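Heads up, the thing below is written out as structure tokens.
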Amino acid sequence: MLIRYKKTFEKIAMGLLSFMPSEKDLKKLQHTIKEYEIEEDWQLFLWKEEDIIGLLGVLYQNDANALMIQHISVNPSHRFQGVGKKMVQALKDMYSDKDIISNENTAAFIEKCDVC
2 MLIRYKKTFE KIAMGLLSFM PSEKDLKKLQ HTIKEYEIEE DWQLFLWKEE
52 DIIGLLGVLY QNDANALMIQ HISVNPSHRF QGVGKKMVQA LKDMYSDKDI
102 ISNENTAAFI EKCDVC
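Below, the structure is given as structure tokens:
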């Protein structure tokens with residue numbers, strides 16, 4: 002299930018976010034987490050089964066009535082099990098009134114999900 006990010010999940014979130022190719026640098030990673038904590042239009046979700054195994058970061062596009070998926074990451078030991086697709090579908094269910102769009106970093110995966 003998708004849960005909203007809280008500061009207590011910071012280390013887990015940073016670990017999952019670090020699997021994104023654009024977030025390998027520690028300073029960049031810390032900056033990104035800070036953006037999710039302070040920017041109103043940025044929202045970070047974690048995917049929890051028994052443990053937290055995935056992360057989904059979105060940017061509200063109010064002018065387009067859309068959510069842009071900026072970051073999506075799954076723990077490598079849980080990949081190829083449909084977790085990413087479940088996260089995107091859960092987001093779509095939570096925000097059924099909004100369009101779900103991707104950016105250049107998430108487009109290839111989101112297209113494969115075939116839920117948008």
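Residue numbers (my numbering): 2 to 117. Don't be surprised by glycine CBs; every beta carbon is placed ideally from N, CA and C. The structure presented is a predicted model; accordingly, all values stated were derived computationally and were not measured.
Fill in: Simplified DSSP state of residue 2, which is helix, strand or coil
coil
Worksheet item: Excluding sequence positions up to five away, which residues of its chain have a Cβ less than 8 Å from the Cβ of residue 92?
Response: 3, 46, 57, 59, 68, 70, 101
Discussion item. One question on the structure: do residue 54 and residue 84 come within less than 8 Å of each other, judged by their Cβ atoms?
Written reply: yes
Worksheet item: Where do the N-terminal and C-terminal ends of the beta strand (DSSP E) with residue 69 fall, by residue?
Response: 67-75
Item to complete: Determine the closest residue to residue 31 out of 41, 18, 22, with distance taken between C-alpha atoms.
Response: 18
Discussion item. Let me check one thing: in DSSP terms, what residues is residue 100 bridge-paired to?
Written reply: 67
Worksheet item: CB-CB under 7 Å to residue 6, same chain, minus the five flanking residues each way: which ones, in chain order?
Response: 14, 37, 45, 46, 47
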